[in-house]
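So the sequence lines, in the order shown, correspond to chains A and B.
Read in the numbering used here, the first sequence has 62 at position 46, and its numbers run on one by one without any break.
Read in the numbering used here, the second sequence has 37 at position 21, and its numbers run on one by one without any break.
For each residue, glycine too, the CB sits at the ideal point set by N, CA and C.
Protein chains: 2
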Amino acid sequence: MIDLPDTASPLYEKVKDYILINIGTGKWGKDRKLPSENELVVSLGVSRMTVHRALRELTAAGFLIRLQGVGTFIAPPRPQSTLIEINNIAAEIVERGNRHRSEVLVLETIVPTKELALSFEFAKRTSVYHSVVVNFENDLPVQLEERFVNPGLIPDYDKQDFTRTATYDYLMQKTPVTEVEHIISAIPADKETAQHLGIDVGSCCLLLHRRTWTGAVVATISKLTYAGSRYSLGSRYSPSRAS
Amino acid sequence: MIDLPDTASPLYEKVKDYILINIGTGKWGKDRKLPSENELVVSLGVSRMTVHRALRELTAAGFLIRLQGVGTFIAPPRPQSTLIEINNIAAEIVERGNRHRSEVLVLETIVPTKELALSFEFAKRTSVYHSVVVNFENDLPVQLEERFVNPGLIPDYDKQDFTRTATYDYLMQKTPVTEVEHIISAIPADKETAQHLGIDVGSCCLLLHRRTWTGAVVATISKLTYAGSRYSLGSRYSPSRAS
DNA sequence: CAGTGGTCTAGACCACGAA
DNA sequence: TCGTGGTCTAGACCACTGG
């Protein structure tokens, strides 16, 4: 019998979170098949209607695929959506026909500052992964990428070779993103940023601050700095009636 | 007792159809209030869970608004979506509990430059409306707003008093937006911008360039400049996996 | 207080797919 | 045939709103 968190949210939301986290941590392994509704009823101690609602909503949201008479499976990786893709810089660069290269400046495990722990919505100061990477487009540095990563959801982040795989790709592969927050601002480059991006101190940069969630859990916190003169963020989309 | 169609679809789908049709034909008239769940249970002869599911799904799809303890209502025409609303600066300011004020610097009709005509995808150099407005939050200038407006879609734009109505509101009221393009960059303030925003020349600004379409026709082109130190653009949303 | 929507359960029947 | 997901019911308790 598995315990669900004792929060105020409805049971079916807890079940959804439980499932999302277990998708993220790879619990349902190689064939990506979930336990049946009846098994979840027993192991979670909730009624089948509740399990069913959780599974139905995750299916509607695209995380699962269900086949009557067969079972429930984790959906294949994510098609990108408007706001997400502004962040897969490696893919963007390649798509423009240019050459992409990364340089890893930092890749470590740290104990977060109080403020950072707060951003992660951690109760305790659990340690997190920390990386700093510079992304180049044709040998011109365009983006400075600092990330803090929740090791509970994305294990072994510190053991990857991010000159070969983009951080973005590793993260996407490891855990599904259910929510994204972006804050965009314009700031002058400080000395360190200027040095890494090869621009003058004080020149304009775009700062994209971003948090991603898997269920109710913060998965990553990223600070992406773009050389203002070399980069803009674009998006085009059709507003739909559905929220 | 009302009869639902005798098709193969699930009951809750029939209930949804029944409700949608009655929204369309205006059956729930001027206050746009639907019967309660229990009333529908009686009049349709189905269980409350089934009625509830139909109502919940229509709510998720944006057709209904439900208030616990109050009732179920037909949703107002066009709910705003994430990317749109980052532009309704007047509403944002008021929502934060601050005072909003606009100053109209320019409101005129011009013949577009070749480049501008190209952005509008005009074949000929049809004249367009042009406005420049400064938006204040508590008497502090936060946004410089330059717009070019297609007079074919938004008539009499040049005759409005934009110290009373926000440009955004007038545009939204006049034409539905079917597509939006955003390009965000960071630039140093030029002399004129610096003066209008009350900042130093060369200090960092966020530049949001935006085009909106109504069908295949470009409706507006806007250039929104934010004082970098006073403003950031934020968004939070749940990616739907639907492409 | 009564009425609303929000959630949850236990149990039932069905359609489908694989062995 | 058996296990899967899909639907539906009757009844219950809760939180919230309004008078």
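Cβ closer than 8 angstroms: which chain A residues qualify as neighbours of residue i?
{"i": "B:N250", "result": "Going by the sequence as given, residue 250 of chain B is Gly instead of Asn. By Cβ distance, chain A contributes E197, H198, I199, I200."}
{"i": "B:G42", "result": "Going along chain A, no residue has its Cβ under 8 angstroms from B:G42, so there is no contact; the nearest lies around 19 angstroms."}
List the DSSP bridge partners of residue i.
{"i": "B:F276", "result": "The structure shown does not extend to residue 276 of chain B, since chain B is modelled only from 17 through 259, so no value can be given for it."}
{"i": "B:V67", "result": "Its beta-bridge partners do not exist; DSSP assigns none."}
{"i": "B:Y242", "result": "B:Q159, B:L222"}
{"i": "B:Y145", "result": "B:T125, B:V165"}
{"i": "A:A202", "result": "A:L222"}
{"i": "B:L249", "result": "A:I200"}
{"i": "B:R227", "result": "B:E197, B:I237"}
{"i": "B:E153", "result": "B:H116, B:L156"}
Would you kindly work out how many angstroms separate the C-alpha atoms of residue i and residue j, rounded to a whole number?
{"i": "B:R115", "j": "B:G214", "result": "18 angstroms"}
{"i": "B:P21", "j": "A:I18", "result": "43 angstroms"}
{"i": "B:G168", "j": "A:E137", "result": "50 angstroms"}
{"i": "A:G85", "j": "B:T23", "result": "23 angstroms"}
{"i": "A:R163", "j": "B:P26", "result": "47 angstroms"}
{"i": "B:A106", "j": "B:E161", "result": "12 angstroms"}
{"i": "A:M188", "j": "B:N38", "result": "43 angstroms"}
{"i": "A:D174", "j": "B:Y173", "result": "56 angstroms"}
{"i": "A:I109", "j": "A:N103", "result": "11 angstroms"}
{"i": "A:A243", "j": "A:V217", "result": "11 angstroms"}
{"i": "B:V144", "j": "A:G40", "result": "52 angstroms"}
{"i": "B:P61", "j": "B:K43", "result": "At residue 61 of chain B the sequence reads Gly, which differs from the Pro that was named. So the two alpha carbons sit approximately 19 angstroms from each other."}
{"i": "A:T194", "j": "B:F79", "result": "23 angstroms"}
{"i": "A:D177", "j": "A:P171", "result": "14 angstroms"}
{"i": "A:A182", "j": "B:K49", "result": "52 angstroms"}
{"i": "A:K46", "j": "A:R72", "result": "22 angstroms"}
{"i": "A:A235", "j": "A:V165", "result": "6 angstroms"}
{"i": "B:L240", "j": "B:L249", "result": "12 angstroms"}
{"i": "B:L134", "j": "B:R226", "result": "15 angstroms"}
{"i": "B:A210", "j": "A:V196", "result": "33 angstroms"}
{"i": "A:S245", "j": "A:D206", "result": "15 angstroms"}
{"i": "A:Y247", "j": "B:I237", "result": "20 angstroms"}
{"i": "A:W229", "j": "A:T191", "result": "9 angstroms"}
{"i": "A:L36", "j": "B:T142", "result": "54 angstroms"}
{"i": "B:F89", "j": "B:R82", "result": "6 angstroms"}
{"i": "B:L123", "j": "B:H212", "result": "16 angstroms"}
{"i": "B:L74", "j": "A:A91", "result": "25 angstroms"}
Residues of chain A with a CB under 7 angstroms from the CB of residue i: which are they?
{"i": "B:G244", "result": "S201, A202, I203"}
Does residue i have its Cβ less than 8 angstroms from a Cβ in chain A?
{"i": "B:L56", "result": "no"}
{"i": "B:L266", "result": "Outside the displayed range of chain B (17 to 259) lies residue 266 of chain B, so it cannot be described from this structure."}
{"i": "B:D33", "result": "no"}
Any 3 or more C-beta pairs closer than 8 angstroms across the stretch 127 to 137 of chain B and the stretch 149 to 158 of chain B: no
At least 3 beta-carbon pairs within less than 8 angstroms: the stretch 28 to 37 of chain B vs the stretch 60 to 72 of chain B: yes
Validate contact between the stretch 186 to 204 of chain B and the stretch 219 to 227 of chain A using beta carbons, cut 8 angstroms, 3 pairs: Between the stretch 186 to 204 of chain B and the stretch 219 to 227 of chain A, the count of C-beta pairs closer than 8 angstroms reaches three or more; the two stretches touch.
Three CB pairs or more closer than 8 angstroms across the stretch 119 to 126 of chain B and the stretch 139 to 153 of chain B: yes
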